[in-house]
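Trainee: Residue numbers (our numbering): 443 to 739.
In this text, a Cβ means the ideal position worked out from N, Cα and C, and glycines have one as well.
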Amino acid sequence: MRTHKSLLGVVAIGMATALGLSSCGKQEREKLQAQADSLEYKLQERDSAFNNIMSVMAEVESQIDDIKQQENMVITNSSGDFSPKEKNEMVGDLKRINTLIDDANSKIASLSSQLENSTFELNAFKKRVQNMKTDLQSRETAIAKLQEEIEMKDTQIAELNTEVNSLVTRVQLQTETIEVQNQELVERENDLNTAYFAVDTERKLRDEGLITKEGGFLWIGRTTELQSDAAQTKFTEVDIQNTKKFYVDSDKMEIVTEHPSDSYKLVGEEGKVKYLEVTDPAKFWKISKYLVISVRS
Numbered sequence: 443m444r445t446h447k448s449l450l451g452v453v454a455i456g457m458a459t460a461l462g463l464s465s466c467g468k469q470e471r472e473k474l475q476a477q478a479d480s481l482e483y484k485l486q487e488r489d490s491a492f493n494n495i496m497s498v499m500a501e502v503e504s505q506i507d508d509i510k511q512q513e514n515m516v517i518t519n520s521s522g523d524f525s526p527k528e529k530n531e532m533v534g535d536l537k538r539i540n541t542l543i544d545d546a547n548s549k550i551a552s553l554s555s556q557l558e559n560s561t562f563e564l565n566a567f568k569k570r571v572q573n574m575k576t577d578l579q580s581r582e583t584a585i586a587k588l589q590e591e592i593e594m595k596d597t598q599i600a601e602l603n604t605e606v607n608s609l610v611t612r613v614q615l616q617t618e619t620i621e622v623q624n625q626e627l628v629e630r631e632n633d634l635n636t637a638y639f640a641v642d643t644e645r646k647l648r649d650e651g652l653i654t655k656e657g658g659f660l661w662i663g664r665t666t667e668l669q670s671d672a673a674q675t676k677f678t679e680v681d682i683q684n685t686k687k688f689y690v691d692s693d694k695m696e697i698v699t700e701h702p703s704d705s706y707k708l709v710g711e712e713g714k715v716k717y718l719e720v721t722d723p724a725k726f727w728k729i730s731k732y733l734v735i736s737v738r739s
């Protein structure tokens, strides 16, 4: 009887132990499963964050490349002189570049925030993002300097254009002045080279108002002189450089106007004076630009 009770006790203890072990195994499995689920979630979260960061970084790097290309185009276009239209186009390009830089900076700021708040170790990404941030800051500085240079060059071009226009105006004024002076010189030279002559009988010369008798007493000792207010239209105009001979064709003649005797000669033929020839024009016309010869028919 005592043996039977002992056996029952052992069986009871064994069953209790088995039940206890079975209960502990289930709890352990549940705990391990929970740990596995948590680890898988964290891995998925890490992969999602990784993929998102990689996507944004690729987009930012592409924007930086685009910024550099557009910057190089503006540098090339601004290397020489440019028109106001070209300047406006470059200013528009710079505005678009600044918009790209602002957008890239915004994305980098978001990336930096994600990396700082991430529970994962992403130091390699942080360094890469910092490099992009440095590159963008460099681009911002370069673009600001380029914009300043364009504005400065535009001002210089405007000043040069103003100076050129001023020079053109001065040249035009000087050209006009020179033309006027040349015209005045031509007119003055023409005046200097222009003389007037008249050859006719004394009566006709007097009737035309070209000569007058002056001085003397009772018609004795009077001299024939050029009328001071003689009409210029009554004379024949000549160029003293080209006209040297004045035809007389008379046996008796008188030179009414005053001319040095050594500045001309009388050329005769068959007892008549055929013509007066000026041998020294400058000297002949120095005293008077009028030559009046009175002849007897």
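1) Take Asp722 and list the residues in its own chain whose beta-carbon comes closer than 6 Å to its own, dropping the five residues that flank it on each side.
2) If you draw a straight line from the C-alpha of Val698 to the C-alpha of Lys676, how long is it?
3) CB Phe639 to CB Leu708, shorter than 8 Å?
4) Measuring alpha carbon to alpha carbon, tell me which residue in Glu711, Lys686, Asn530 is nearest Glu750.
5) Give a yes or no on contact between the stretch 688 to 702 and the stretch 587 to 604, applying the rule of three or more CB pairs nearer than 8 Å.
6) Could you check if Met594 is buried or exposed, using at least 16 other CB atoms within 10 Å of its CB as the buried criterion?
7) Kindly list the residues whose CB is nearer than 8 Å to the CB of Lys510, restricted to its own chain and excluding five residues on each side of it in sequence; keep chain order.
8) Using CA atoms only, rank isn't needed, just tell me which of Val502, Gly534, Asp507, Pro526 is closest to Val516.
9) Taking the alpha-carbon positions, what's the Trp727 to Lys714 distance?
10) Start and end of the alpha helix (DSSP H) containing Phe726?
11) I need the DSSP call for Lys447, collapsed to helix, strand or coil.
12) Glu631 and Ser736 - do their beta-carbons sit closer together than 8 Å?
13) To the nearest angstrom, report how far apart Ile620 and Gln674 are at their CA atoms.
14) Between Lys527, Lys549, Asn540, which lies nearest to Glu501 when the distance is taken from Cα to Cα?
15) Return the chain-ordered ranges of every beta strand (DSSP E) run that is complete within the stretch 604 to 651 and spans a minimum of 3 residues.
16) Does Ser520 pass the burial test, meaning 16 or more other C-beta atoms within 10 Å, or should it be called exposed?
17) When the distance is taken between beta carbons, is Ala551 closer than 8 Å to Ile506?
18) Check Leu463 in the structure and name its three-state DSSP category.
19) Can you check DSSP and say which residues form a bridge with Asp681?
20) Alpha carbon to alpha carbon, how far is Glu605 from Glu528? Give it in angstroms, no decimals.
Mentor: The relevant details are as follows:
1) Around Asp722, the same chain offers Ser705 as residues with beta carbons nearer than 6 Å, after the five sequence neighbours per side are excluded.
2) Straight-line Cα distance between these residues: approximately 16 Å.
3) No, the Cβ-Cβ distance between Phe639 and Leu708 is not below 8 Å.
4) Residue numbering for the chain in the displayed model covers 443 to 739; residue 750 lies beyond these limits and cannot be assessed.
5) No contact exists between the stretch 688 to 702 and the stretch 587 to 604.
6) Met594 comes out exposed.
7) The beta carbon of Lys510 sits closer than 8 Å to the beta carbons of Arg581 from its chain, once the five residues preceding and following it are set aside; these are given in chain order.
8) Of the candidates Val502, Gly534, Asp507, Pro526, the one whose C-alpha sits nearest the C-alpha of Val516 is Gly534.
9) So the two alpha carbons sit approximately 25 Å from each other.
10) Counting along the chain, the alpha helix (DSSP H) containing Phe726 begins and ends at 723 to 726.
11) With a pLDDT of 45 at Lys447, under the threshold of 50, the modelled position of that residue is not reliable, and the figure given next carries that caveat. Note: Lys447 maps to helix in three-state DSSP.
12) Taking 8 Å as the Cβ cut-off, Ser736 and Glu631 do not qualify as a contacting pair.
13) C-alpha separation (whole angstroms): 31 Å.
14) Of the candidates Lys527, Lys549, Asn540, the one whose C-alpha sits nearest the C-alpha of Glu501 is Lys549.
15) Within the stretch 604 to 651, the complete beta strand (DSSP E) runs of at least 3 residues are 636 to 643.
16) Buried.
17) In this structure, Ile506 keeps its C-beta atom at 8 Å or more from the C-beta atom of Ala551.
18) Here the model assigns Leu463 a pLDDT of 46, short of 50, so the residue's position is not dependable, and the following value carries that caveat. Correct three-state label for Leu463: helix.
19) Looking at the DSSP output, Asp681 shares a beta bridge with Thr636.
20) Those two C-alpha atoms are separated by around 21 Å.
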